[in-house]
Amino acid sequence: MIVCVYDQHQSALFLAASSERQAKRCKLWLRTVLNIEILISDASKYMNSRPHFDCVPLLKSFCTKSTTDKSYSGTVLLPKTKLPLRLEGKKLVVRDRLLSNGTQFTELYQWQRKYLEGKEFILHDGPPYANGVPHMGHAINKILKDVILRSKILQGKKVHYIPGWDCHGLPIELKAISNDRALNSMAIRQKARAFASETIVKQKEAFLSWGVIGDWDKTYATYQPTYIKNQVQQFFKLFKKQLIYRDVKPVYWSPSTRYVQLSSIR
0 MIVCVYDQHQ SALFLAASSE RQAKRCKLWL RTVLNIEILI SDASKYMNSR
50 PHFDCVPLLK SFCTKSTTDK SYSGTVLLPK TKLPLRLEGK KLVVRDRLLS
100 NGTQFTELYQ WQRKYLEGKE FILHDGPPYA NGVPHMGHAI NKILKDVILR
150 SKILQGKKVH YIPGWDCHGL PIELKAISND RALNSMAIRQ KARAFASETI
200 VKQKEAFLSW GVIGDWDKTY ATYQPTYIKN QVQQFFKLFK KQLIYRDVKP
250 VYWSPSTRYV QLSSIR
């Protein structure tokens, strides 16, 4: 532990370390990073018996602003930036659009597909459910995967990532029948498809605003006929290789939802 004491009379910063080793390290840091060479002597009375070294004159570089209004503001070394710390209202929207358009994230994916010649890196992304507005879980999922893709691009690899959405499942069906539980099977499918389509538009807009790279011109949804056809073809390939078998297994049925319960919630 390193203790700092500011003396207003001598305009000096006294430092005491809990060990001789820490004291030497801190002294080296002050000389190399802060470029401090002048030391004030007679600091032992401030340090008691702990390992210490002479106090350091308080230079202007330690201060971020004038110390006339706050007596302790000059004792804190804070970084400076030209970027505003807060943006409110319309300014926040303008800055967000400026960063989104200026960084050209949407062009990065096609650029690396065209010019990079490294080994191809394919991301098999588990698609999000099209059952609601984007939330923090979506942000964590997409941004973490985006970090991986960008790291691969920096390594010279050619990234392959086609975003998509899972448009089937109980949550979507429950929202489709929330206002009318007497709908027949065909009407439920139609309402669920319309709800999923609206959700995809909202989620895609959010993912693009986050700067997530991908082939956003060739996205897929699991209700598309081409996707369903491909799934049947892949299933048939597994069947021909004798990897598909038929057996009996108990499942849990929910009378209220008229749906088989997922194994993850049993």
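Numbering (the numbering used here), first residue to last: 0 to 265.
Each residue gets a CB set at the ideal place from its N, CA and C atoms; glycine is no exception.
According to DSSP, Lys157 shares a beta bridge with Glu119. The continuous alpha helix (DSSP H) containing Gln230 extends over residues Pro224 to Lys239. The alpha-carbon separation between Ala129 and Gln260 amounts to approximately 19 angstroms. When the five nearest sequence neighbours on each side are left out, the beta carbons in the same chain lying within less than 6 angstroms of the beta carbon of Thr198 are those of Ala129, in order along the chain.
Under the DSSP assignment, Val200 falls in the alpha helix (DSSP H) whose first and last residues are Ser184 to Ser208. Out of Ala205, Val247, Lys156 and Phe104, the CA that lies nearest to the CA of Leu122 is found in Lys156. Contact between Phe206 and Lys144 is absent: CB atoms are separated by about 11 angstroms, not below the 8 angstroms threshold.
For Trp110, the three-state secondary structure derived from DSSP is helix.
Of all alpha-carbon atoms in Trp164, Leu169, Pro170 and Asp179, the one lying nearest the alpha-carbon of Ser196 is that of Trp164. Per the coordinates, the alpha-carbon of Lys79 lies some 41 angstroms from the alpha-carbon of Gly125. Below 8 angstroms, too few C-beta pairs join the stretch 244-259 and the stretch 203-219 to call them touching: fewer than three. Annotation for Ile176: Leu182, Ile187 and Lys190 place their beta carbon closer than 8 angstroms to its own, counting only its chain and skipping 5 residues before and after. A straight-line Cα-Cα distance of about 29 angstroms links Ile147 and Gln233. In the three-state reduction of the DSSP assignment, Ser150 falls in the helix class, which pools H, G and I. The DSSP-derived three-state label of Ala220 is strand. Apart from sequence neighbours up to five positions away, the residues of its chain that approach Val211 with a beta-carbon distance below 6 angstroms are Lys141 and Asp145, ordered along the chain. Beta-bridge partners of Tyr258 (DSSP): Ser253.
Considering only Tyr244, Ala138, Lys89 and Gln154, the residue with the shortest C-alpha distance to Glu204 is Ala138.
Between the C-alpha atoms of Tyr114 and Leu153 there is a straight-line separation of about 13 angstroms. Of the candidates Arg180, Gly213 and Leu91, Gly213 places its Cα closest to the Cα of Ile161.
Here Gly163 carries a strand assignment [DSSP, helix/strand/coil].
A distance of 8 angstroms or more separates the beta carbons of Val158 and Phe104.
Thr74 is positioned such that its CB atom lies no closer than 8 angstroms to that of Leu169.
Distance from the CA atom of Cys166 to the CA atom of Gln223, rounded to whole angstroms, is 9 angstroms.
Straight-line measurement puts the Cα of Ser262 at about 27 angstroms from the Cα of Lys240.
Partner residues in the beta bridge of Tyr128, as assigned by DSSP, are Asp165.
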